[in-house]
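These notes are about the structure you will find just below.
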Amino acid sequence: MKELAKSYNPQETEDRIYGEWEKSGFFNPDVCVKKGICKKNAKPFSIVLPPPNVTGTLHMGHAAMLAVEDVLVRRARMQGYKTVWIPGTDHAAIATESKVEEILYKKEGKTRHDLGKEQFLKRVQTFAQESHDTIVNQLKKMGSSLDWSREAYTLDEKRSLAVRTAFHRMYKDGLIYQGDRIVNWDPKMQTTVSDDEIDWKEQQTPFYYLKYGPFTIGTARPETKFGDKYVVMHPKDKRYKQYKHGQLIEVEWIEGPVTATIIKDESVDQEFGTGVMTITPWHDKTDFEIAERHQLDKEQIIDLHGKLLPIAGDLAGIHIKKARAMVVEKLQAKGLVERIDESYTHRTAVNSRGGGIMEPQIMRQWFVHVTKEFPFPHAGIKGIKKGQQVTLKKLMLHVVKTGQVAIVPKRFEKIYYHWIQNLHDWCISRQIWFGHQIPVWYKGKEVQVAIIPPKGEGWTQDPDTLDTWFSSGLWTLSTLGWPKKTTDLATFHPTLVLETGYDIIFFWVARMILMTTALAGEVPFKTVYLHGMVRDDQGRKMSKSLGNIINPLDMARTYGADATRLSLLIGAAPGNDIKLSEDRVRGYRNFVNKLWNIARFILLHTQDYNPKAKLAPEDKKILQEFKRTVKKTTTLMDSLRLSSAAEHLYHYTWHTFADKIVEQSKPMLQGEDKKKRQSRQLLLLLIFGDILKLLHPFVPFVTEELYQKLPLQGKAPFLMIEKWPTF
RNA sequence: GGGCUCAUAGUUCAGUGGUAGAACGCCUCGUUGACAUCGAGGAGGUCGUAGGUUCAAUUCCUACUGAGCCCACCA
């Protein structure tokens, strides 16, 4: 028996251990079944890894996610479940494309158009591949027991088939349609963007009160007002009751007299401004909806590059940024400006990927119809019969309300409901190059929506690509082989737990529920476990500009992956943010080292232990007391209270086992009484062996390394496949 | 504008209808054979404020204050 080093060296251990695990194949449930580690008919336990974007490297938030998921997975495996955790990465369409564009521009001063589609996509793929390799390496460093044989990529061949199939089916069910609707247009990136990808920036801008015939209207954007010919007020507004809905009036306006129509609509806020406004339906969502309700004309004022169209008269071709001052000047010359309020705060929509200022436009795009009734074609959702009329919104609400999907912590259920109530049709087409090209083909006036290109000459595919969340919304299905009826799909779907940050509950969680229920008639997962954001020790977001980023790989290199994991697990309640500091990680490094030294002591004193020794009554009692810790840990983990479980183990290991039991054993181990000594040797080995098992999900590397050195009888070849202790 | 969360020891956080817990930090002492990445002991809290329910509230309810977050079509 070689003596252990004086202190634990994670650098020497972690990569070697991970390599051994990988080589063993036990991350793969099929291997476990084949080798008899788990029963053929064992209950399945499946988790998909929320696929990191191939835009860079992993951050502390990822590390927190990996820690929680690996704990769940490792424990399930030890409990004998047929356990799989599926790795993968996300092509992240617009995020990756804009990142590569940025690099290209910085390094070579070129745009994607200078390269052309084919060359540009090659660059993106190279970048994505490098990023992927880094990420995989990082996932392994953190000890994640992922089944690499099942690795997926949102843009690989299998996932592409799933995407095309989903699009085709949803189109046939009337859930996807092409329509002319108002969308968020980014003139800089030349693409649509979804509501969720917009950041709002507050700005002080002047607010103009303009004379519009007998009315005074308020606006923050006079440069869009050229075509305004509807004047809208609340039907109950007493100030304007002499005006009737539909009444025509002549008003003097920017380019001369206009015939305006009075419109009464309840969406007008009587308290705001003068309670009267004119509308620009082509470039404002609210205005668009008013126009839809009353079937009003809509006219485009601004082109897709942000320049004024001929309707602006001599200002045509001017960019809207410059146009404002010029329009105001014109209005002032005509005496139409009543007053200007300088202290108005306006919220500007900005594309969170790349920063272009959004300009709403009416455009022909593809949408997912969330309020359309359709006969539900499946039988797998409780409370909804096959053939029953449902909408996507209703489905999304139903599965959570009935508990078929549980959200932890529960308060996020309310947030989820609220979001669905406000949900509009989802625009899924993007005018970028990197992503799943829309599976629609055109030939003259013919249109075909299909899974594979139509036969015959002359078909061209829609050049647009799909919103990245369309493919990640299928993730639980597509990683398990859908639309094919694979064994994996039958065995592992629905997955048990989806663990992710609360910041992407809408982006991703909601959309997975939407797509999976609609397409497969199953929930994608039974429980959603939401972790908090990892912040710095002052509770601030980690960001480059603040320079407060703590890199998980740096922490793992300095203190070990195990310590890093513990620092992210202990003190982290679901849904609550974690404040992390290097001191914290250092503290848990000390615990890992303590564990190492306990082992060192035990190994030193059990060289000659007798596996058949009888436990003395007082030792039996200590063992019984230890079983309470096993029970408590088990119960806490069952209820997903991982932080409490880890804390409890920490405390027991250090302050009960090491400080009391081990200390008290010293005289017995060195004493003359052979029976006492042998009993105590066995006791220490038994309890410590079980401590290692209990701790293994939390700190897999050090426990594996130590367990392999324990002289216990009947050990499994790896701690990771040992049975979870009973009580 | 609507909603949510948090407020407990110096710090980070658990927790419970019945006279408060952990970790880190701090103080004192100890320790050359598992571990100074250590051991023994200790100090430290009227559980945000004001009401209410209750035999009893840090725990339940209401209001307020402070911190943070999310949503929303005020032109």
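Per our numbering, the very first residue in the first sequence carries number -7; after that it's consecutive. Positions of the beta carbon are idealized from the N, C-alpha and C atoms, including for glycine.
Assign residue i to one of three DSSP states: helix, strand, or coil.
i: I683; result: helix
i: M(-7); result: Only weak support is given to the placement of M(-7): the predicted model assigns it a pLDDT of 47, under 50, and the question is left unresolved by the model.
i: Y0; result: coil
i: G210; result: strand
i: R633; result: coil
i: F359; result: strand
i: T126; result: helix
i: T270; result: strand
i: S186; result: coil
i: K518; result: strand
i: E491; result: strand
i: S137; result: coil
i: D178; result: strand
i: P44; result: coil
i: G171; result: strand
i: E438; result: strand
i: Q381; result: strand
Using DSSP's beta-bridge definition, name the partner residues of residue i.
i: Q429; result: T457
i: S38; result: V76
i: T251; result: E242
i: L300; result: I294
i: K533; result: R527
i: E194; result: R339
i: L202; result: I209, V329
i: R316; result: Beta-bridge pairing links R316 to no other residue.
i: P352; result: N176
i: W418; result: V360
i: I407; result: Answer is none; I407 lacks a bridge partner.
i: T645; result: Its beta-bridge partners do not exist; DSSP assigns none.
i: M388; result: The partner list for M388 (beta bridge, DSSP) is empty, contrary to what the question assumes.
i: F366; result: V382
Less than 8 Å between C-beta atoms, sequence neighbours within five positions excluded: which residues of the same chain meet that for residue i?
i: K518; result: Q396, V397, A398, P486, T487, L488, V489
i: G721; result: Any answer about residue 721 is impossible in this case: the structure gives the chain only from -7 up to 719.
i: L107; result: L96, R115
i: K374; result: T394, Q396
i: L389; result: Y409, I412
Can you find the residues in the same chain that come closer than 6 Å, C-beta to C-beta, to residue i, ignoring five residues on each side of it along the sequence?
i: W474; result: A154, L481
i: T211; result: Y200
i: W588; result: Y0
i: E147; result: According to the sequence displayed, residue 147 carries Leu and not Glu. Only H83 meet the Cβ criterion.
i: Q195; result: H338, T340
i: Y580; result: A555, L558, S559
i: P446; result: W433, Q440
i: P689; result: V63, R66, R67
i: N45; result: D82, A84, A87
Which residues in the same chain as residue i place their Cβ atom closer than 7 Å to its Cβ, once the five residues preceding and following it in sequence are excluded?
i: M(-7); result: Confidence is the limiting factor: at M(-7) the pLDDT is only 47, short of 50, which leaves the residue's position unreliable and the question unanswerable from this model.
i: V501; result: L490, T492, V520
i: D178; result: V185, N343, G348, M350
i: D229; result: Q262, G267
i: K102; result: L96
i: D456; result: S421, R422, Q423, I430
i: N582; result: none
Am I right that residue i and residue j are in contact with their C-beta atoms under 8 Å? What's the rounded C-beta distance?
i: V720; j: F207; result: No answer is possible for residue 720: it lies beyond the span of the chain, which begins at -7 and ends at 719.
i: W274; j: Q292; result: 5 Å
i: F719; j: T645; result: That belief does not hold up - the Cβ atoms of F719 and T645 are roughly 17 Å apart, past 8 Å.
i: P2; j: T75; result: With a Cβ gap of about 25 Å, P2 and T75 do not count as contacting.
i: M57; j: P42; result: 7 Å
i: I412; j: F462; result: The Cβ separation is near 18 Å, so there is no contact.
i: V250; j: K217; result: Not really, about 11 Å apart at Cβ, beyond 8 Å.
Please tell me whether, using a cut-off of 7 Å, the distance from the CB of residue i to the nearest non-hydrogen atom of the ligand MN is below it.
i: Q121; result: Looking at this structure, you won't find the ligand MN or any other ligand, since it has none at all.
Margin query: Does the region 165 to 175 come into contact with the region 356 to 372, if we say contact requires no fewer than three beta-carbon pairs (one atom in each stretch) closer than 8 Å?
Written below: yes
Notebook entry, point to check: If you pair each beta-carbon of the region 707 to 714 with each one of the region 79 to 94, do three or more pairs fall below 8 Å?
Noted result: no
Notebook entry, point to check: Is there contact here, the region 686 to 697 with the region 551 to 562, by at least three beta-carbon pairs under 8 Å?
Noted result: yes
Notebook entry, point to check: Should the region 600 to 616 be called in touch with the region 562 to 576, which here means at least 3 C-beta pairs below 8 Å?
Noted result: no
Checklist line | Three CB pairs or more closer than 8 Å across the region 251 to 260 and the region 233 to 240 | finding: yes
Notebook entry, point to check: Below 8 Å, can you find three or more Cβ-Cβ pairs linking the region 45 to 54 to the region 123 to 143?
Noted result: yes
Check: Given 8 Å as the limit, is there contact between the region 503 to 513 and the region 463 to 470, that is, 3 or more CB pairs closer than that?
Finding: yes
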